[in-house]
Structures are given as structure tokens and as C-alpha cells.
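A.B. asks: Residue numbers (this note's numbering): 1383 to 1900. Quick one: the structure is below, questions incoming.
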């Protein structure tokens, strides 16, 4: 594994050289194998209650349709604004799942499944009053662990009755969020393991085939400890979950006041994933699934890199590096309808989302929609910043990018990515495909880059209005709708050759789609 890391580091450094003329070559007949689908297994959302909003639900439907995500994970399923738990005058639990039902019914109708995060603590069940975020998620341990177990068992039974055991067997139950951070968990590691044990026992008592895991930590922490605890104590564990973000400076804060700095490490995030897999492989439970239930370039919803065209190649580079190492990589999050720091008041504020609040698609969105256009079979290809794929119907796709780290020394993300950032030339890239079955093809070319599917730059050039008119929203959506840059009919002759040369600029993303005509 370390040899692979060293090889990848060299390859990515070489492909990142300024002005290098790249050649991407592949043969239709030479397959590498099935393309990993982990990039679309799961996507994040802010908190459960936001999922009751009509605009949130509309954005989810569009995102599912164009990006293909299968699962969705969010905070706050059990917090007071979901009205799940209270106690009567005698201290007996009273359960209510009406809001959860409305949320999950919509998710399932959209064609997705819940990746159930169990948290935070209902105040009536909490041992203290410590909370996090504007919506006051209680982060204290339960006052009574048997009542906590009873809540999780009853909720799991409710899911089974409403959706059926065969459906719920396909879900994942993750216990809590980032318990290694004081802001998210007021107890100790031992307290978390106790919380997990009671939750896992409750879930498995309903159906032994339901999948439960954790610890959902920040920074790939507590993984060996979690496995050791469960193994020694006979506690069920079906998967490891954790998080990683690609910054070198800053700390957890909702407003970005710490001044985050994008990591210069070309293997940030992906190195954590590879190390997590290694820890699992070397453990007493080597076959556990690995789910990164949060990841992005930065862990604050006030980081303008999230809105930048630079984010698109960053996402693609990380997904290429991770490959099949993780079972899922859940990008945090799909929409800027996200209120950890209270409702946001400007259209582009560095929010985590693939779309902004008005549903304007960011470059990050198109990175995922482009990946979703790739065929199911990856072809052999020595270029580390691209995929060449084919579909079972004979179509071919080439997705390539440049990721250039342009952040100046001693400058943070909040001061840099808010600017108009024209890109510089990186030479040319030549795509050479061979072995293609002869016939007529429809070639579509898509692009992300400076002023291409780049709403923030267009917003900047509108003088960054604090509120958008309906006309401005429509204009920005039209500019960034992901339509092909060009399309043409081409003929592949008996030689089976296709060649295309295009200029490449810093942080460009290009997708070539060759669709075989009948």
C-alpha cells in the first residue's frame, strides 16, 4: 500500500507540471475492470428538519437524477425539532415519528435510501444541556442508557413496520457524529462505546441482518479502538465510518473565522482513507466495510473554495486517488440549505453544498454529474488525472482534469477564493483512443473551469449582490446548467482510431462523451 502511495504521489506531481503536454491513450478492448461507484454511494445533508422543506426536496430530486446518489446522511434525526421523544408525567417514554416519516418517505420516493445517523440527544433524554449549532443539537450522553436503547429499538421496529425488513436490511445505521470532538460529544470515549453498545444491541435485537457501525469520528480517529472494543466485548460492528477534510489550518467553526488553508499535500483526504483501510485490514475484523460519511476540501460552511471552480478538479482528484479503497465517500453536502450557523443571507457564502440555496449548480455539482456519465467499465489508462470508460452499449467517455494549487503562501481560503481568479494555460492535452468499433458516433464535449459552469465568477461580475433577483437566478442557472460546450457527428473508420487535442488551463475539467448511434 505504501508503494502505491509513493507511485501515486510521483504520478500526480508529474501530471501537475505547468505547461506539460499530456497524452491520454486507451484501447476500447483493454479493460481495467468495473469502475468503482463509491463516489455516488452516499451524499450528505445538513440536518433532518431541513429535509422537510420543499426547496430542499426539489434539489434532492434533481441531484439524484443527475448525479445518481444512492444514500443520504444527515445530522439531527433525534433532536427536538423532529419531535421524536418526550416523557409523560411519570417519566415513561413517549415516541413520535411523524416528522421522520415525512422525511424518509420523501427520500425513498426520490429513489434514495437513508444512511441513518443516530443523534443528537433528545433534551428529555439528555444528561445535560450542552448543545451545538444554531438549532441546538444536544451533545450530552443519555441520562438513562436503557431508555436510549429503548428509543433506538422502538425506532428500528417502526422502520421495519413502515418500510419492511428487506428494505431496512439495505440501510446503514451509524451511531452519533464525531464523538472524538468535544463540540459534538460531551462524554468520554468510554461513554461513546457504551452509547454505541446499547444502540447496536437495540438494532440487532430487531433484525440481526441490519447493519450498524461507527464511530463517525473526525480525522479518521478511534478506528482500531472501536474494532478492539467491539471484538473484546462481543458488540456487533458491520462497518467503520469516519471523516476527513483537506485543510492544514483552522478548526471547527461555523463562520470560517479561523482562516482555513487548503492543504498542499496532494494526497490529503485520500491518504486518510488508505490508512483507514490498512487499519481495518490489520485488525481482528479485516472484512469490515469502510464508509467516509463526510469529506470535502474544508470543514467550515464559510469557505469560498466550496463555490470555486477549483473545487471540481479537487473532487475528481480525490476520487481517483481513493479508487476502491472505500465502500463510500459521502461528500458533505448536496445543498446550501444548511443552517449550522443559522440561515445564511447571501447567495454565495462558501457553503458546503453542491448547489446554493437558490438551486444554482456549483462546479462541485458538475464534477459529480460528470462522473455519473461514465460507463460501468474502466479502461487501462496510465494518466492519473483522468478516467477512460465504456458502457455496455458501446459508448465511450473520457473525463480529464488539471488540479493546480494556486493558493499563495500565507494567504487563507477566505481571502483568496472570493476573488476573480482567471486561469493560466497548462499546455494541451491529446486524447488518443483505439480499438473503437467502426460506426457513427455523437461526440459531446462538456467543461468546468473559469467562466465555464462557474457561477461564482459570474456572480462576482454582477458585483456580488447580497440578494439575487429572479432574473439573476435564472441567468446564473442558465450559465451553469451543465449543457455540452459542443456537439458533433463523427465517423469512426475501420482503423478504430479517435484523436482529439484541446487546450488545457489550470483547474479545467473536460468530459468527452462518444455515443454510438444505431
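Glycine included, C-beta positions come from ideal geometry on N, C-alpha and C. Fair warning: this is a prediction, and the values are worked out from it, not measured in the lab.
Using 8 Å as the cut-off, can you tell me whether the stretch 1842-1849 makes contact with the stretch 1424-1438, which would need three or more C-beta pairs spanning the two stretches below that distance?
C.D. replies: In short, these stretches do not touch, since the Cβ pair count stays below three.
A.B. asks: From residue 1533 to residue 1698, what does the alpha carbon distance come to, in whole angstroms?
C.D. replies: In the chain shown, counting from the first residue as 1, residue 1533 sits at position 151. In the chain shown, counting from the first residue as 1, residue 1698 sits at position 316. Approximately 40 Å, taken between the alpha carbons.
A.B. asks: Whose C-beta lies closer than 7 Å to the C-beta of residue 1414 among residues of the same chain, with five residues either side of it excluded?
C.D. replies: Position 32 of the chain shown, counted from the start, is the residue given in the question as residue 1414. So the qualifying residues of the chain are 1760, 1761, 1762.
A.B. asks: Specify, as a first and last residue, the run of the alpha helix (DSSP H) that residue 1793 falls within.
C.D. replies: Within the chain shown, numbered from 1, the residue matching residue 1793 stands at position 411. That residue, residue 1793, is in no alpha helix (DSSP H); it is neither H nor E in DSSP.
A.B. asks: Where does residue 1409 fall in DSSP's three states?
C.D. replies: For this step, residue 1409 is matched to residue 27 along the chain shown. Correct three-state label for residue 1409: strand.
A.B. asks: On the DSSP letters alone, give me the boundaries of the alpha helix (DSSP H) that residue 1442 sits inside.
C.D. replies: Mapped onto the chain shown, residue 1442 falls at position 60. Where residue 1442 is concerned, the enclosing alpha helix (DSSP H) stretches over 1436-1449.
A.B. asks: What residue does the beta strand (DSSP E) around residue 1806 start on, and which one ends it?
C.D. replies: Numbered from 1 along the chain shown, position 424 holds the residue referred to as residue 1806. Here residue 1806 belongs to no beta strand (DSSP E), and DSSP marks it neither H nor E.
A.B. asks: Helix or strand or just coil, what does DSSP make of residue 1843?
C.D. replies: Counted from its first residue, the chain shown places residue 1843 at position 461. Residue state, collapsed to three classes: helix.
A.B. asks: Could you tell me whether the stretch 1617-1625 touches the stretch 1599-1609, using the rule of 3 or more Cβ pairs below 8 Å?
C.D. replies: Result yes; three or more Cβ-Cβ pairs closer than 8 Å.
A.B. asks: Would you mind working out which of 1862, 1875, 1813, 1889 sits nearest residue 1895, comparing C-alpha positions?
C.D. replies: Here residue 1895 is taken as the residue at index 513 of the chain shown, counted from 1. Of the candidates 1862, 1875, 1813, 1889, the one whose C-alpha sits nearest the C-alpha of residue 1895 is 1813.
A.B. asks: Can you say whether residue 1740 is buried or exposed, counting buried as having 16 or more other CB atoms within 10 angstroms of its CB?
C.D. replies: To locate residue 1740, count along the chain shown from 1; it is residue 358. With 16 or more other Cβ atoms within 10 Å, it is buried.
A.B. asks: Taking 6 Å as the limit between beta carbons, can you name the residues of its chain near residue 1878, skipping five residues before and five after?
C.D. replies: Along the chain shown, one-based indexing puts residue 1878 at 496. Hits under 6 Å: 1816, 1817, 1818.
A.B. asks: Looking at C-alpha atoms only, which residue of 1769, 1752, 1577, 1728 is the closest neighbour of residue 1559?
C.D. replies: As a working mapping, residue 1559 is identified with position 177 in the chain shown. Of the candidates 1769, 1752, 1577, 1728, the one whose C-alpha sits nearest the C-alpha of residue 1559 is 1577.
A.B. asks: In the DSSP assignment, what are the bridge partners of residue 1500?
C.D. replies: Counted from its first residue, the chain shown places residue 1500 at position 118. According to DSSP, which records beta bridges pairwise, residue 1500 is partnered with 1557.
A.B. asks: If you draw a straight line from the C-alpha of residue 1377 to the C-alpha of residue 1409, how long is it?
C.D. replies: Any question about residue 1377 goes unanswered here, given that the chain covers just 1383 to 1900.
A.B. asks: If we count the other Cβ atoms within 10 Å of its Cβ and call it buried at 16 or more, is residue 1396 buried or exposed?
C.D. replies: Sequence index remark: in the chain shown, residue 1396 carries index 14 (1-based). Its pLDDT being 43, under 50, residue 1396 is placed unreliably in this model, and the value from its coordinates should be taken loosely. Exposed.
A.B. asks: Excluding the 5 residues flanking residue 1692 on each side, which residues of the same chain have their C-beta closer than 6 Å to its C-beta?
C.D. replies: Start at 1 with the first residue of the chain shown, and residue 1692 comes out as number 310. Within the same chain, residue 1692 has close Cβ partners 1889.
A.B. asks: Over what stretch of residues does the beta strand (DSSP E) that includes residue 1426 continue unbroken?
C.D. replies: Within the chain shown, numbered from 1, the residue matching residue 1426 stands at position 44. Run containing residue 1426: 1424-1429, per the beta strand (DSSP E) assignment.
A.B. asks: Where DSSP assigns a beta bridge to residue 1710, which residues make up the other side?
C.D. replies: For the purposes of this step, residue 1710 is taken as residue 328 along the chain shown, with counting starting at 1. Bridge partners of residue 1710: 1673.
A.B. asks: Output the distance between the C-alpha atoms of residue 1826 and residue 1504, rounded to the nearest integer angstrom.
C.D. replies: Against the chain shown, residue 1826 aligns to sequence position 444. Against the chain shown, residue 1504 aligns to sequence position 122. So the alpha carbons of these two residues sit roughly 51 Å apart.
A.B. asks: So for residue 1645, helix, strand or coil by DSSP?
C.D. replies: To locate residue 1645, count along the chain shown from 1; it is residue 263. Note: residue 1645 maps to coil in three-state DSSP.
A.B. asks: Could you compute how far the alpha carbon of residue 1800 sits from the alpha carbon of residue 1653?
C.D. replies: Within the chain shown, the letter at position 418 stands for residue 1800. Within the chain shown, the letter at position 271 stands for residue 1653. Each residue's alpha carbon lies about 28 Å from the other.
A.B. asks: Between the stretch 1605-1613 and the stretch 1650-1665, do at least 3 Cβ pairs fall closer than 8 Å?
C.D. replies: Touching, yes, given that three or more Cβ pairs across the two stretches are closer than 8 Å.
A.B. asks: With three or more C-beta pairs closer than 8 Å as the rule, is the stretch 1544-1556 touching the stretch 1487-1502?
C.D. replies: Touching, yes.
A.B. asks: Should residue 1796 go down as buried or exposed, given a rule of 16 or more other Cβ atoms within 10 Å for buried?
C.D. replies: The sequence position of residue 1796 within the chain shown is 414, counting from 1. Label assigned to residue 1796: buried.
A.B. asks: By DSSP, does residue 1608 sit in helix, in strand, or in coil?
C.D. replies: For the purposes of this step, residue 1608 is identified with residue 226 of the chain shown, where counting begins at 1. Helix.
A.B. asks: Tell me the start and end of each unbroken alpha helix (DSSP H) in the stretch 1676-1742 that is at least 4 residues and wholly inside, in chain order.
C.D. replies: If we require 4 residues or more, the alpha helix (DSSP H) runs fully inside the stretch 1676-1742 come out as 1693-1704.
A.B. asks: Out of 1706, 1441, 1744, 1675, state which residue places its alpha-carbon closest to the alpha-carbon of residue 1836.
C.D. replies: Here residue 1836 corresponds to residue number 454 of the chain shown, with the count starting at 1. Considering only alpha carbons, the answer is 1744.
A.B. asks: Since I believe residue 1684 is in contact with residue 1641 (beta carbons under 8 Å), could you give me their beta-carbon distance rounded to a whole number of angstroms?
C.D. replies: Taking the first residue of the chain shown as position 1, residue 1641 is located at position 259. Taking the first residue of the chain shown as position 1, residue 1684 is located at position 302. The pair is not a contact, with the Cβ atoms about 11 Å apart (cut-off 8 Å).
A.B. asks: Are there 16 or more other CB atoms within 10 angstroms of the CB of residue 1400, so buried, or fewer, so exposed?
C.D. replies: Along the chain shown, read from residue 1 onward, the residue named residue 1400 stands at position 18. Low confidence applies here, because residue 1400 scores a pLDDT of 41, under 50, leaving its location unreliable; read the following figure in that light. Residue 1400 should be labelled exposed.
A.B. asks: Count the other CB atoms within 10 Å of the CB of residue 1781; is the residue buried (16 or more) or exposed (fewer)?
C.D. replies: Position 399 of the chain shown, counted from the start, is the residue given in the question as residue 1781. By the 10 Å Cβ count, residue 1781 comes out buried.
A.B. asks: Taking 6 Å as the limit between beta carbons, can you name the residues of its chain near residue 1584, skipping five residues before and five after?
C.D. replies: Translated into positions along the chain shown, residue 1584 becomes position 202. Same-chain partners within the cutoff: 1531, 1534, 1535.
A.B. asks: Rounded to the nearest angstrom, how far is the Cβ of residue 1423 from that of residue 1452, given a contact under 8 Å?
C.D. replies: Against the chain shown, residue 1423 aligns to sequence position 41. Against the chain shown, residue 1452 aligns to sequence position 70. So it is a contact: roughly 5 Å between Cβ atoms.
A.B. asks: So, at 7 Å on beta carbons, what are the nonlocal neighbours of residue 1469 in its own chain, with the 5 sequence-adjacent residues on each side left out?
C.D. replies: Along the chain shown, read from residue 1 onward, the residue named residue 1469 stands at position 87. The residues are 1475, 1476, 1506.
A.B. asks: With residue 1419 as the anchor, note down where its alpha helix (DSSP H) starts and where it stops.
C.D. replies: Your numbering for residue 1419 matches position 37 in the chain shown. Residue 1419 -> no alpha helix (DSSP H), and no H or E assigned at all.
A.B. asks: Which two residues bound the contiguous beta strand (DSSP E) that contains residue 1760?
C.D. replies: One-based indexing of the chain shown puts residue 1760 at position 378. Here the beta strand (DSSP E) through residue 1760 covers 1759-1761.
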